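Student: First the structure, which I've put down as structure tokens, then a few questions once you've had a look.
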Amino acid sequence: MAQVLEIRWHGRGGQGAKTAAILLGEAAASVGKYIQAFPEYGPERMGAPVLAFNRISDEPVRVHCHVANPRIVVVLDPTLIGKNDVTSGVPEDGVYLVNTNLTPAEMRAKLKVKGGKVYTVDATQISIDTIGRAIPNTPMMGALIRATGLMTLEEFIADTRHKLEMKFRSKPEVIEGNIKAIERAYQEVQSE
Amino acid sequence: MSKRVAITGNEAVAQAMRQINPDVVAAYPITPQTEIVQIFSTFVADGDVDTEFVTVESEHSAMSATIGASAAGARAMTATSSQGLALMWEMLYIAAGLRLPIVAPVVNRALSAPINIHCDHSDTMGARDSGWIQLYSENAQEAYDNLIQAVRIAEHADVQLPVMVCMDGFIVSHGMENAELLDDDVVRSFIGQRTPKHSLLDVDRPATFGALDFADWYFEHRRQLAEAQTHVKGVVLDVAKEFAKVSGRSYDLFEAYRLDDAELAVVVLNSAAGTAKEVVDDLRDKGMKAGLLKIRLFRPFPHEEIVAALAGKKAIAVLDRADGLSTMGGPVFVDVRSAMYDAPGPKMVNYIYGLGGRDIDTEQIAGVYWDLARIAETGKVTSPVTYLGVRE
């Protein structure tokens with residue numbers, strides 16, 4: 001099987017987990033990667049735990065089953081930890097990226113994982129500062145680009161700016177706020 | 193030139209509909225199809241298409257309006273899923289019986305009860321004997337390509353039949369993946385104009401559609417409908433050949449994946465075929481002679497070609513994402529096994545999987561191949577029909 005990077009996003013309805021997976025997929029596709037981006041569709045309620053997934057590869061992605069063993073887990077809402085098993089199916093060397101004001105070492109203790117890598121970033125605070133509301137998905141993508149080296153920050157911002165411009169034509173401040181959020185999270189993400 | 197984009201199945205199908213630019217679209221929303229028509233309606237509002245867009249009060253009316261438009265000589269389309277297709281039921285037979293070349297994407301979704309919005313093939317399998325041609329699609333790319341080819345197949349003078357283009361609900365319809373879209377002018381010149389031999393609006397050569405037809409002629413007309421089905425295979429292959437010239441992508445009646453020298457074969461359609469290909473590669477690396485047959489044209493059923501491709505295999509498993517509830521297996525199994533009756537006999541088993549969106553993964557499909565290996569070795573089938581991935 002071709003090397004496929006699998007990512008699982010944990011969030012709550014309204015935090016933009018699905019949008020993040022889609023934007024990441026589109027950005028990866030824009031630099032020539034083969035991708036999948038899809039949420040798990042359940043009853044859609046604001047605040048309920050939601051999952052979204054990415055597959056990213058240099059070869060066409062053919063499988064159409066769920067992502068069971070993601071190498072990367074992104075947690076948009078740290079209150080999910082302990083309630084939902086965010087570590088489920090993750091290999092020993094798995095990578096965790098968590099939206100929290102805790103340090104990676106503190107978060108590792110909460111996650112109860114031994115191997116792999118833990119990254120943290122306070123994406124909620126960053127989004128309040130830059131966008132004006134708690135919407136952690138775009139800063140988390142900036143942190144993820146840094147943690148994975150999937151593509152350069154410039155490549156990612158170019159594609160995401162284009163997508164945001166299509167969506168928020170009448171609200172340029174939203175576009176700039178999101179771009180700033182991505183850049184700040186890229187800078188501020190902490191590793192061990 | 194075509195370009196590779198990140199796109200969902202619904203978006204890809206909506207783009208194909210924009211490029212086809214049908215004269216009439218009549219549709220009613222239903223999950224997971226809604227997006228197709230919703231996106232298409234923005235093309236109508238923005239003036240990107242010349243389509244007369246008819247919002248109707250039900251799927252029964254959607255199919256009725258599409259039938260009326262097609263009989264009038266228009267290139268007419270609709271789209272639906274699940275209960276919507278079920279509500280079109282009586283009109284489906286009329287579309288086929290009137291020999292109307294309607295093209296309809298159908299996003300596969302389970303039927304109630306219990307209520308469920310996720311993927312299985314119960315909806316289109318229920319329509320398999322309606323006289324519609326059915327093309328199945330593994331991914332967004334195939335759904336897009338099949339829809340464009342469907343216009344040519346439906347309208348071909350020797351066919352004149354409606355075509356359903358099926359893709360898996362949510363898994364493909366809402367999942368984003370890569371696909372290459374053709375340029376608008378390439379699609380437009382590929383599909384050309386519809387030139388119906390008879391139509392309601394052709395006042396110089398008046399014709400009646402749907403007239404009363406009793407014991408004197410009904411049988412002959414139904415016989416002609418059956419005869420038309422025999423022309424479909426050849427036309428599907430001809431259209432595929434031409435499509436390959438403009439797209440670089442080749443299509444057949446089915447895809448034989450590492451099947452030629454395989455001893456153990458799985459037959460499947462739609463998105464699970466992609467997952468199964470990964471399993472085949474993996475098992476080949478382990479030394480198993482595994483192969484896959486992915487059906488594209490399910491109606492009419494290309495039985496001679498399928499038998500030729502499967503003859504001589506030691507054991508075959510047919511995977512059905514719908515249950516026939518006959519106690520003898522799912523609809524694809526019943527057809528494949530019936531077709532294989534006259535072929536030198538591989539052992540055949542059936543697996544019903546994935547109902548209501550239940551995930552099917554590589555491990556489960558690998559398990560099917562290991563079952564086949566055991567059957568091939570012992571020559572014994574202990575369970576002809578197995579429910580895969582269900583709590584018993």
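Heads up: the protein sequence lines correspond to chains A and B, in order. Read left to right, the first sequence gives residues 1 to 192 (my numbering). Read left to right, the second sequence gives residues 193 to 584 (my numbering). All C-beta atoms, glycine included, are put in the ideal place defined by N, C-alpha and C. As the structure is a prediction and not an experimental result, all values here were calculated from the model.
(1) When DSSP labels each residue in this structure, what does A:N54 get in the three-state scheme?
(2) Should the stretch 371-389 of chain B be called in touch with the stretch 316-327 of chain B, which here means at least 3 C-beta pairs below 8 Å?
(3) Taking the alpha carbon of B:C311 as the point to measure from, which residue in B:E372, B:F235, B:S273 has its own alpha carbon closest?
(4) May I have the straight-line CA-CA distance separating B:T223 from A:R133, to the nearest angstrom?
(5) Need the endpoints of the alpha helix (DSSP H) that A:G25 sits in, please.
(6) Let me know the secondary structure DSSP gives B:G483 once reduced to three states.
(7) Is B:P494 near B:N542, with beta carbons less than 9 Å apart?
(8) Where does A:M1 land, buried or exposed, given buried means 16+ other C-beta within 10 angstroms?
(9) Counting C-beta neighbours from all protein chains within 10 Å, is the total for B:V355 16 or more, i.e. buried, or is it exposed?
(10) Which residues of the stretch 6-31 of chain A have a Cβ closer than 7 Å to any Cβ of chain B? Give them in chain order.
(11) Using a cut-off of 7 Å between C-beta atoms, extract the partners of B:A464 located in chain A.
(12) Within the same chain, show all residues whose beta-carbon is closer than 8 Å to that of A:L102, passing over the 5 residues directly before and after it, in chain order.
(13) With 16 other CB atoms within 10 Å as the buried threshold, where does A:S88 fall?
(14) Taking Cβ-Cβ distances below 7 Å as the criterion, which residues of the stretch 120-150 of chain A are in contact with chain B?
(15) What is the DSSP secondary structure of B:R491, reduced to helix, strand or coil?
(16) Okay, do the stretch 379-398 of chain B and the stretch 259-267 of chain B touch, 3+ Cβ pairs below 8 Å being the bar?
(17) Rank A:R184, A:N54, A:L164 by C-alpha distance to the C-alpha of A:R71 and give the top, closest one.
(18) Which whole runs of the alpha helix (DSSP H) in the stretch 208-285 of chain B are 4 residues long or more, in chain order?
(19) Going along chain B in order, which residues have a C-beta closer than 7 Å to the C-beta of A:Y34?
(20) Short of 8 Å in beta carbon distance, which residues of its chain neighbour B:K505, apart from the five on each side in sequence? Order them along the chain.
(21) Helix, strand or coil for A:R169, going by three-state DSSP, please let me know.
(22) DSSP three-state call for A:V67: helix, strand or coil?
(23) Rounded to whole angstroms, what's the CA-CA distance from B:A305 to A:L153? Just pull it up for me.
(24) Which residue's Cα is closest to the Cα of B:D337: B:D473, B:A268, B:G384, B:F435?
(25) List, in order along the chain, the chain C residues whose C-beta lies closer than 7 Å to that of A:V61?
(26) Short of 6 Å in beta carbon distance, which residues of its chain neighbour A:G177, apart from the five on each side in sequence? Order them along the chain.
(27) Between B:E447 and chain A, is the shortest Cβ-Cβ distance under 9 Å, so that the two count as touching?
(28) Please report the distance separating the alpha-carbon of B:M280 from that of B:M255.
Tutor: Let me lay it out:
(1) In this structure, A:N54 counts as strand in the three-state DSSP scheme.
(2) As far as the Cβ criterion goes, the stretch 371-389 of chain B does not touch the stretch 316-327 of chain B, which means the pair count is below three.
(3) Selected option, being the one with the closest Cα: B:S273.
(4) For B:T223 and A:R133, the distance between alpha carbons rounds to 31 Å.
(5) Per DSSP, A:G25 belongs to the alpha helix (DSSP H) from 17-30.
(6) Residue state for B:G483 is assigned as strand, using DSSP reduced to three classes.
(7) Contact: no.
(8) Annotation note: pLDDT 45 at A:M1 (below 50); position unreliable, no value reported.
(9) Burial call: buried.
(10) In summary, the residues of the stretch 6-31 of chain A whose CB is separated from some CB of chain B by less than 7 Å are I22, G25, E26, A29, in the order they occur in the chain.
(11) In chain order: H64.
(12) Closer than 8 Å at Cβ, skipping near neighbours: P78, K110, T120.
(13) With fewer than 16 Cβ atoms within 10 Å of its Cβ, A:S88 is classed as exposed.
(14) Against chain B - using a Cβ distance shorter than 7 Å - the stretch 120-150 of chain A contributes no residues.
(15) Correct three-state label for B:R491: strand.
(16) Taking 8 Å as the limit for Cβ pairs, the verdict is that the stretch 259-267 of chain B does touch the stretch 379-398 of chain B.
(17) For the residues A:R184, A:N54, A:L164, the minimum Cα distance to A:R71 belongs to A:N54.
(18) Runs of the alpha helix (DSSP H) inside the stretch 208-285 of chain B: 226-237, 251-263, 274-279.
(19) By Cβ distance, chain B contributes N370.
(20) Closer than 8 Å at the Cβ level, and outside the excluded window around B:K505, lie A454, E455, L456, A457, G483, P538.
(21) Looking at A:R169 - three-state DSSP - the assignment turns out to be coil, as it is neither helix nor strand.
(22) DSSP, read as helix, strand or coil, puts A:V67 in coil.
(23) Rounded to whole angstroms, B:A305 to A:L153 spans 49 Å at the Cα level.
(24) Comparing Cα-Cα distances from B:D337 to each of B:D473, B:A268, B:G384, B:F435, the minimum goes to B:F435.
(25) You won't find chain C in this structure, because its protein chains are A and B.
(26) Within the same chain, T130, I131 come within 6 Å of A:G177 by CB-CB distance, once the 5 residues on both sides are set aside.
(27) For B:E447, the answer is no, since every Cβ of chain A falls outside 9 Å of its Cβ.
(28) Whole-angstrom Cα-Cα distance: 6 Å.
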